[in-house]
Every structure is written in C-alpha cells, then in structure tokens.
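Here the structure is laid out as structure tokens; the discussion comes afterwards.
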Amino acid sequence: MFDKLFGRGKKSPEQALQAVQPDIPFGRYSDNNKSVEKVRRWTDADNLFKQQSYYDSIAAFFDYLADDKLGNVILNRNNESGTFQVYQGSKIVRGEFDKDSLKAEITLAKMPQASVPVMRRLLEMNFNLYYSRYALDNDRLCMRFDSDIRAANPNKLYYGLKELAIKADKLDDLLVQEFAALQTVDTEHIIGIPESEKEVKYNFMLTWIRETLDYAATLDADKFSGGIAYLLLSLAFRIDFCICPDGKLLNELEKIVEIYYRKDEKGTIDRNQGMIEGYKKLLTKTKEEVYPYLFRSKHTFAIVMPQHHQTVVDAINAAANNVVWYRDNNYPLIANNVMEYALTFSQYSYSLPKPLTELVLLFMQINYRAYFEALGFSVPYYDAQANQFDQELINGRIQQIVSAWQTKYPKLNFKTESLQLQTLLTFNSSFSTELTTLNFDAN
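For the sequence shown, the UniProt record's numbering begins at 1 and goes up steadily by one.
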C-alpha cells in the first residue's frame with residue numbers, strides 16, 4: 001500500500017521502456033528498412049556484377065536482401081555454384097545457380113488430377129507476369145524464374161524474385177479455395193501463434209467492427225457520408241495493421257477497401273453501404289473460420305512500393321483539413337478516426353521507412369491501449385479514463401526510435417515539445433503534424 005501511495009511501486013520511464021515486451025509484429029512488412037551497411041551491399045553487388053564477378057555479386061545481393069533478425073534468406077555457396085531460399089509469407093522461393101544460370105521456383109499447390117479450369121486460369125494470369133511464369137511439374141503447380149548468369153544483375157534478380165515471391169504468396173490460398181482440384185502444400189515453415197493471441201485478435205476485430213457499425217448507424221447516411229467513410233476505412237486499416245490477417249481473411253478485408261476506391265459511378269453513400277455489407281459478413285465468421293489466417297511468417301519483399309515522405313505528408317495535411325469540422329462540432333470519435341486514417345492508410349498503401357512505422361505503432365498503442373495490453377504489452381502511455389498522458393514515456397519512446405535510426409537518417413528529429421496533451425484529439429493532431437516535419441534523407 002505504501003509503495004502505491006508514495007509511487008515506489010511504479011517503474012521509472014527508463015525501466016518501463018526497457019521492460020521486455022511481446023515479440024509480436026504489426027503492420028505490413030516493409031523492405032524500406034535497410035541499414036546503411038545493407039544498402040552498401042547493394043552497391044557492392046552492382047559493382048561486382050559490372051566487374052563480371054557474378055558469384056560474388058550474387059552473394060552480396062542476397063546479403064542485401066537478408067533481414068538478419070528475421071532469418072528470411074538462406075544462401076549456401078560453393079565457389080561458382082550454390083543454392084538459396086527466400087521466405088515470403090506462406091511461400092518459400094527455392095533456387096540454385098552455377099556457371100551458366102540462376103534458377104528459382106515456388107510450389108503453389110498440388111494438383112493430383114489435371115484440371116482444365118485451373119490451367120485456363122493460369123494461362124490467363126501468365127500474360128500479367130514480366131519476369132516469371134507458371135509451370136506444371138508432375139502434380140506440382142509452380143512459378144519459375146531464371147536468368148543467364150551473365151544477365152543476373154541485381155536489378156533483374158530483385159524484381160524477378162519479388163514478382164515470383166509476392167504473386168505466389170498471394171495466389172496459393174486463393175487458388176486452393178477457388179479450385180477443388182488443388183491442395184495446399186509446402187506450408188510447414190509457417191509459424192503458429194498462441195491460441196490466446198488468436199482469441200484476443202479475433203475478439204477485438206469483431207468488437208471494433210460492431211462498435212464502428214453501431215456508431216455509423218446513428219449518423220445521417222447522407223450528411224455524414226464523408227465521416228462514415230473515414231470510420232469504415234480507418235477500421236479496415238486498423239485491422240490490417242493491428243490484427244495482421246493473412247490469406248483469405250486478408251483478401252476479404254482488401255475487397256472491402258477496394259469498394260471505396262474502385263473507379264465506378266457510385267457515390268459515397270453507396271460505397272459506404274457496400275463496405276458495411278462487407279463488414280457484416282466478417283461479423284458472421286466463427287473462430288474456426290478466422291484462426292487459420294492468423295499466423296506469423298517471414299517476409300523479404302514489401303507488397304507495396306516506397307514513396308517519398310511528401311506523399312505521407314500530403315495524406316496527413318488532407319486529414320488535418322478534414323478534421324476541423326468534426327472537431328469544432330463535437331464529433332471527436334470521427335475526428336480521431338480521420339487522423340488515424342492518414343497514418344494507417346499510408347502504412348497500408350506504401351512501404352514506409354522503419355522509424356515511421358514504429359512511430360505509427362506508438363500512435364496506435366496510445367489510441368488502443370486495451371488491445372495492446374490484452375496482447376501483453378505493458379507501457380501505459382495514455383489513461384483514457386483519466387485523460388492523462390505519460391509524457392516522459394511518450395517522449396522516451398520517440399527518442400528511442402529516432403536514436404536507433406540516426407545513422408541512416410542523420411537529419412531525423414522529432415520535436416516532442418510540440419506535442420499537445422490536453423485531449424486525445426489534440427495529441428493525435430499534434431503528433432501527426434510533427435510527422436510531416438520529419439526528414440528521411442538517407443545517408
């Protein structure tokens with residue numbers, strides 16, 4: 001009791017930030033996270049290729065691709081030949097190289113019996129591939145990429161392997177679900193997550209959907225069509241960032257997002273209604289239908305492209321303009337969702353620099369403390385009931401992020417003194433504004 005009264009039981013900000021937190025990833029994988037040393041390895045690979053040191057160039061290239069923390073790339077080299085494995089979600093690229101060529105392939109599915117509909121679909125999709133192609137090896141449905149060793153420059157390898165890996169990771173589940181003739185194969189490397197984590201993610205996903213749909217139903221569908229759109233889209237990006245669905249579940253979430261951004265004649269009201277119907281379908285899903293698509297896996301390539309930071313700045317500035325009416329007319333929930341949308345839309349749509357992703361995660365931890373605490377995180381940045389921020393913790397975490405990436409981004413500076421802590425909305429707005437001032441010019 002006396003510890004509580006006199007604060008002796010409370011951890012210092014340094015202790016709280018250094019406490020071991022669950023090793024749970026959030027957000028889409030970004031390969032825009034290379035250290036200065038890794039970027040140098042790309043330059044090495046390019047220079048070695050120009051010097052016709054093809055095997056050293058290949059080794060430097062795979063070293064560039066490797067995320068040492070994840071263990072996403074395995075290279076076994078024997079002088080002028082070797083084998084490699086590159087992990088991408090539910091798939092593994094397996095390949096080999098020698099004095100003549102470099103070859104890589106991914107097993108998509110097993111097809112015990114020949115299927116005309118499957119072959120027709122693959123023939124259609126083949127026309128959309130630039131570097132790779134579909135192939136059938138006995139009963140194995142594959143994707144393949146190869147190159148003459150003298151043409152295997154880093155750019156060709158990067159984009160060829162990226163196309164192979166990303167397409168296969170996206171297609172394997174969808175093809176098996178669409179065609180009964182296909183069977184899932186080669187997924188033993190997928191990392192399962194604890195049942196308790198699955199339950200937290202499942203329950204919060206449904207809770208967030210219910211709360212959003214219930215609140216949207218209280219608003220005039222016409223007058224508040226813009227606000228409702230923000231609520232529905234920020235919900236999708238929140239689920240993508242926090243829950244990290246995969247396979248069929250991710251595909252259904254992406255279809256909900258696509259309803260809004262699809263280029264057709266529908267107005268915002270109709271688009272909103274389409275998204276609402278999509279969410280209602282998600283609400284009917286049982287644990288048995290969701291749990292198989294909650295897992296951890298290693299990635300090597302981002303499924304979206306990096307953009308200049310100005311693109312993120314533009315999204316935040318647009319949100320800042322749109323938030324004014326909701327703020328001034330006492331709709332704080334919509335206003336906060338508008339600010340959240342700008343950050344999570346950027347995380348969903350672009351391959352962001354690692355420190356920016358970590359700052360977005362901090363934003364989400366402050367806004368959704370209950371979710372992160374349910375997962376086992378224990379850094380109380382914000383007490384919603386008391387409307388109190390722990391300024392030391394927030395500033396300390398921001399400084400941790402900036403310091404960790406100072407070598408690559410020497411001009412990166414976050415002015416924590418500009419944060420406004422009166423309400424969650426003032427914090428969200430001021431935090432987002434500070435993100436627009438960040439300088440990601442790399443060393």
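C-beta atoms are modelled at their ideal positions from N, C-alpha and C, and glycine is treated no differently.
With 16 other Cβ atoms within 10 Å as the buried cut-off, status of residue i
| i | result |
| --- | --- |
| Y55 | buried |
| Q347 | buried |
| F2 | At F2, the pLDDT of 47 sits below 50, so the modelled position is not reliable; the number obtained from the coordinates is stated separately. So F2 counts as exposed. |
| S196 | exposed |
| N33 | buried |
| F127 | exposed |
| D172 | buried |
| H309 | buried |
| P410 | exposed |
| E37 | exposed |
| T83 | exposed |
| Q399 | exposed |
| Q88 | buried |
Helix, strand or coil at residue i [DSSP, three-state]
| i | result |
| --- | --- |
| Q88 | strand |
| R262 | coil |
| Y382 | strand |
| S35 | coil |
| I191 | strand |
| I269 | helix |
| R397 | helix |
| R28 | coil |
| N78 | strand |
| F389 | strand |
| T344 | helix |
| F6 | Its pLDDT being 48, under 50, F6 is placed unreliably by the model, and the measurement read from it follows with that caveat. Residue state, collapsed to three classes: helix. |
| V73 | strand |
| Q183 | strand |
| T83 | strand |
| V20 | coil |
| V402 | helix |
| V93 | strand |
6 Å CB neighbourhood of residue i in its chain, flanking five on each side removed
| i | result |
| --- | --- |
| Q85 | I74, I92 and R94 |
Other residues of its chain near residue i: CB distance less than 8 Å, five sequence neighbours each side excluded
| i | result |
| --- | --- |
| N336 | N367, L424, L425 and N428 |
| R238 | W208, E340, T344, M364 and Y368 |
| Y130 | Y159 and E163 |
Neighbourhood of residue i by C-beta distance below 7 Å, restricted to the same chain and skipping five residues each side
| i | result |
| --- | --- |
| L5 | With a pLDDT of 49 at L5, under the threshold of 50, the modelled position of that residue is not reliable, and no figure is offered here. |
| A181 | M111, Q113, S115 and V118 |
| W42 | Y64 and P154 |
| V185 | T107, A109 and K110 |
| T187 | S90 |
Review point. Mind pulling the beta strand (DSSP E) runs of 3 or more residues that sit fully within the region 97-153?
Key: 101-110, 133-137 and 140-148
Exercise for review: Would you check if there are 3 or more beta carbon pairs closer than 8 Å linking the region 229-246 to the region 267-282?
Suggested key: yes
Practice item. May I ask you to verify whether the region 421-440 touches the region 350-368, counting CB pairs closer than 8 Å and requiring at least 3? Key: yes
Review point. How about the region 295-305 and the region 60-71: do they share at least three Cβ pairs that are nearer than 8 Å?
Key: yes
Check your understanding: In chain order, which alpha helix (DSSP H) runs of at least 4 residues are fully inside the region 357-381?
Key -> 369-374
Review point. Which runs of the alpha helix (DSSP H) fall wholly inside the region 201-251 and span at least 4 residues, in chain order?
Key: 225-238
Check your understanding: Just checking, does the region 318-328 make contact with the region 369-389 on the three C-beta pairs under 8 Å criterion?
Key -> no
Review point. Can at least three beta-carbon pairs, one atom from the region 237-256 and one from the region 203-222, be found at a separation below 8 Å?
Key: yes
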